[in-house]
Every structure is written in structure tokens, then in C-alpha cells.
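Q:
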Amino acid sequence: ILEAMLVPMHAGSHKVTVTPSIGVCHSPEHGHTPLALMRHADTAMVVAKRERLGCCAFDAKMYRDIRERLTLESDLARALRADELEVHYQPRMACADDHVVSFEALVRWRHPERGLLPPNEFVGLAEESGMIAELGDQVMCKAMHQQSLWARAGFRVGVSINVSPKQFAAQKLSSSVRENIAQSRCDPRMIELEITESALFDDAESVLETLGGIRRLGMRIAIDDFGTGYSNLARLGTYPLDALKIDRAFVADTTQATLLEAIISMGHALGLELVAEGVETLEQASRMRERGCQEMQGFLYSRPLSAV
Ligand code: C2E
Ligand code: MG
Ligand code: MG
Numbered sequence: 102i103l104e105a106m107l108v109p110m111h112a113g114s115h116k117v118t119v120t121p122s123i124g125v126c127h128s129p130e131h132g133h134t135p136l137a138l139m140r141h142a143d144t145a146m147v148v149a150k151r152e153r154l155g156c157c158a159f160d161a162k163m164y165r166d167i168r169e170r171l172t173l174e175s176d177l178a179r180a181l182r183a184d185e186l187e188v189h190y191q192p193r194m195a196c197a198d199d200h201v202v203s204f205e206a207l208v209r210w211r212h213p214e215r216g217l218l219p220p221n222e223f224v225g226l227a228e229e230s231g232m233i234a235e236l237g238d239q240v241m242c243k244a245m246h247q248q249s250l251w252a253r254a255g256f257r258v259g260v261s262i263n264v265s266p267k268q269f270a271a272q273k274l275s276s277s278v279r280e281n282i283a284q285s286r287c288d289p290r291m292i293e294l295e296i297t298e299s300a301l302f303d304d305a306e307s308v309l310e311t312l313g314g315i316r317r318l319g320m321r322i323a324i325d326d327f328g329t330g331y332s333n334l335a336r337l338g339t340y341p342l343d344a345l346k347i348d349r350a351f352v353a354d355t356t357q358a359t360l361l362e363a364i365i366s367m368g369h370a371l372g373l374e375l376v377a378e379g380v381e382t383l384e385q386a387s388r389m390r391e392r393g394c395q396e397m398q399g400f401l402y403s404r405p406l407s408a409v
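Under the numbering used here, the first residue of the sequence shown carries the number 102, and numbering increases by one thereafter.
1) Assuming residue 331 and residue 298 form a contact by the criterion Cβ under 8 Å, report the distance between their Cβ atoms to the nearest whole angstrom.
2) Using the Cβ count rule (16 or more neighbours within 10 Å means buried), how would you classify residue 285?
3) Which term fits residue 199, buried or exposed, when burial requires 16 or more other beta carbons within 10 angstroms of its beta carbon?
4) Hey, could you find the ends of the beta strand (DSSP E) residue 102 is sitting in?
5) Determine contact between the stretch 366-373 and the stretch 336-350, defined as no fewer than three beta-carbon pairs at a distance below 8 Å.
6) Are residue 321 and residue 293 touching if we call contact CB-CB under 8 Å?
7) Assign residue 409 to one of two classes, buried (16 or more other C-beta atoms within 10 Å of its C-beta) or exposed (fewer than that).
8) Could you check what DSSP says for residue 351 in three-state terms: helix, strand or coil?
9) By DSSP's criteria, residue 269 is part of a beta bridge. Which residues make up the other side?
10) Indicate whether residue 208 and residue 259 have their beta-carbon atoms separated by less than 8 Å.
11) Along the chain, where does the alpha helix (DSSP H) containing residue 110 start, and where does it finish?
12) Between residue 168 and chain D, is there a C-beta pair that is closer than 8 Å?
13) Going straight from the alpha carbon of residue 346 to that of residue 182, what length do you get?
14) For the stretch 208-218 against the stretch 245-261, are there 3 or more C-beta pairs whose distance is under 8 Å?
15) Alpha carbon to alpha carbon, how far is residue 407 from residue 219? Give it in angstroms, no decimals.
16) At a threshold of 7 Å, does residue 207 count as lining ligand 1 (C-beta to nearest heavy atom)?
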């Protein structure tokens with residue numbers, strides 16, 4: 102079938118080539134009903150497509166992965182209802198005098214059986230299964246309340262909140278932001294949203310509108326993990342941004358010095374605040390400071406910690 106499909110077809114004056122992906126499963130090993138067989142063949146097809154295999158047979162591992170994913174997915178839906186998410190905070194320091202400027206809010210899942218789970222084990226799943234808006238809203242609610250508590254206790258510190266690209270593109274973001282500000286009575290000028298470069302890929306007009314809306318509420322905007330995505334640099338200059346968080350890959354790897362310098366001078370040219378992420382050693386800290394970063398975050402200062 103693959104070979105037959107690879108022969109180019111003619112559609113009017115165009116030559117069209119199709120690259121098929123085929124998923125295979127067997128009966129009775131992989132199921133008895135047409136529905137089960139189609140579903141498993143479809144899973145194998147998705148793997149064939151993702152890994153560019155052309156053709157792929159269903160196997161026990163795929164079955165386990167699906168089961169695990171489904172379990173985790175229903176667990177996460179329950180966790181959102183049962184308030185099992187926690188927010189931990191990591192300080193961001195000013196290079197000039199080492200005072201704490203703000204804290205980054207980082208989500209954790211207090212799983213009843215599996216313990217404290219880091220975001221890379223469930224944020225992707227939340228994005229794929231449509232739960233990211235709810236997850237993001239809960240994190241925002243907790244983080245804004247915490248900022249408000251700190252402010253009332255006399256600490257002038259900001260809070261940065263991560264916003265996933267899906268969440269950024271959703272209509273719901275601005276209403277969720279507004280509601281959470283009102284409920285928590287936090288000062289929006291002390292709140293920063295961190296978005297990644299890929300969130301800015303959408304059409305420039307709608308990105309600009311979302312960014313403008315955030316700014317009008319008084320909040321700051323930072324680009325997270327800068328240097329790992331593929332930013333459209335011409336566009337970047339037209340967006341209302343406040344800070345660039347330089348990905349920790351550039352902080353850790355001294356062989357990337359030329360790129361790091363380019364990133365830093367670009368940040369300066371755009372008038373953005375530069376934050377070094379993942380600073381682990383004094384040597385890295387002084388290098389980033391000398392190169393002109395204004396702020397730093399990393400295990401050298403503190404790991405993310407719960408607020409209480
Ligand atoms: P991020 O926003 O770039 O956050 C920084 C990550 O680097 C955190 O991992 C932090 O613990 C880790 N880190 C900080 N300093 C150091 C260091 O010195 N060395 C090393 N090796 N790592 C350091 P964490 O908490 O596991 O979060 C991972 C990612 O998950 C975050 O990367 C962010 O993209 C995402 N994330 C976290 N919380 C949320 C959230 O509430 N919503 C969304 N959408 N994504 C989140
Ligand atoms: Mg971040
Ligand atoms: Mg980052």
C-alpha cells in the first residue's frame with residue numbers, strides 16, 4: 102500500500118505526492134470488536150505518523166501508555182476538583198544588590214499515591230486534554246492571593262505566573278485574569294505573566310491584542326526560556342514586552358558565549374529587562390552579571406519552595 106501511494110498523482114497541472122502513515126493491529130490479540138480494533142490501529146497510526154515510520158504495528162507498550170495516560174487524565178480532572186495543585190515559589194534576585202524582586206509561581210501536583218509531581222509530568226497532558234485553562238486559572242488564583250498576602254504583610258515583591266501557549270491563545274485568559282485580580286485584590290503592577298516564544302506565533306494582530314489587554318490591566322509581560330524557540334525577531338520588537346528570561350541552556354553552557362552575547366545585546370536594544378534562568382554557581386552568576394543581566398533566578402539562590 103505504501104509503495105502504491107508513493108507514486109505521484111496529477112491534479113490538474115499539479116503533481117501531488119502523498120506520504121501515508123499506516124497503523125496495523127491483529128485480531129484476536131489486540132481486540133475482538135471492530136471498535137477496539139479500529140481504535141488500536143488508529144493509535145499505531147498516530148505513532149507511525151509521529152515517528153515517521155510509514156507503517157507501525159500496535160503493541161503492548163502502546164496499550165500500557167494509553168491506559169496510563171487515561172488514568173492520569175482522569176486523575177488530573179479529579180485533582181482539579183479536589184484542589185490537589187500546589188504552587189511553589191522561586192525567588193528572582195536583582196543583580197545590583199541581591200534583593201528579592203519577585204517570585205516565580207511553579208505548579209506542583211500533590212498526588213495522593215505518587216507524591217509531589219513536577220509540572221513536566223502533567224502540564225503537557227493538561228494542554229492536550231483541554232484542562233490547561235482550568236489548571237492555569239487555579240495557579241493564577243493561588244499566586245495572586247499569595248502576592249496580595251505578602252503585600253499586606255509588608256513585603257514588596259512581585260509574582261510571575263507561567264501561561265502556556267494554549268492558555269494564551271484562549272479567549273478565556275483576559276476574563277480569568279480580571280476575575281482573579283478582583284478576587285485576590287492584588288496589585289496588578291506586581292504581577293508578571295511569562296509566555297514562551299511559541300505563544301507569539303499566532304497572527305500578529307491577535308497576539309498584539311492579547312498582550313495589549315494584559316498591559317492595560319497594569320501587568321508585566323516576560324518571554325520565558327528565551328533562545329530555545331524560533332522567535333520572529335522583527336515582530337518581537339513590535340510587542341509590548343518587559344523582560345526576557347534567558348534560558349538556562351545559555352547560562353550553563355559556556356560554549357554558547359557568542360549567542361548569549363547576541364541575545365543580551367538584542368534585549369538591551371529592545372529596552373527589555375534581562376533575567377538569567379537556572380543560575381547554579383557563583384561563577385555563572387558573576388558571568389551573567391558582567392554581561393549585563395539585571396536579574397537572576399536559580400538553585401544558587403533557592404529552589405522553588407512552598408509559601409508556608
Ligand atoms: P520555567 O517557567 O522555565 O521554570 C523554571 C524551571 O527551572 C522550574 O522547573 C525550576 O524549578 C527550574 N529551575 C530553577 N532554577 C534552576 C537551576 O538553577 N537549575 C536547574 N536545573 N533548574 C532550575 P519546574 O518547576 O519543574 O517547571 C518546569 C516548567 O513547567 C516551567 O519552566 C514552566 O514552563 C512549566 N510550568 C511550571 N508551572 C507552570 C504553570 O503553572 N503553568 C504552566 N502553563 N506551566 C508551568
Ligand atoms: Mg517560567
Ligand atoms: Mg524558563
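Where a beta carbon is used, it is the ideal one built from N, C-alpha and C, also for glycine.
Just so it is clear, the structure is predicted and the values come from calculations on it, not from any experiment.
A: Straight from the coordinates:
1) A Cβ-Cβ separation of about 7 Å places residue 331 in contact with residue 298 under the 8 Å criterion.
2) Buried: at least 16 other Cβ atoms inside 10 Å.
3) Residue environment: residue 199 is assigned as exposed (fewer than 16 neighbouring CB atoms within 10 Å of its CB, all protein chains considered).
4) No beta strand (DSSP E) contains residue 102, which DSSP labels as neither H nor E.
5) Touching, yes.
6) Between residue 321 and residue 293, the CB-CB gap stays under 8 Å.
7) By the C-beta density criterion, residue 409 is exposed, having fewer than 16 other C-beta atoms within 10 angstroms.
8) In the structure shown, residue 351 sits in a helix (DSSP, three-state: H, G or I).
9) None; residue 269 has no bridge partner.
10) Here residue 208 is not near residue 259, since their CB atoms are 8 Å or more apart.
11) Where residue 110 is concerned, there is no enclosing alpha helix (DSSP H), although the beta strand (DSSP E) it sits in stretches over 110-112.
12) No chain D appears in the structure shown, which is made up of a single protein chain.
13) Computed Cα separation, rounded: 32 Å.
14) As far as the Cβ criterion goes, the stretch 208-218 does not touch the stretch 245-261, which means the pair count is below three.
15) So the two alpha carbons sit approximately 13 Å from each other.
16) At least one heavy atom of ligand 1 is nearer than 7 Å to the Cβ of residue 207, so yes.
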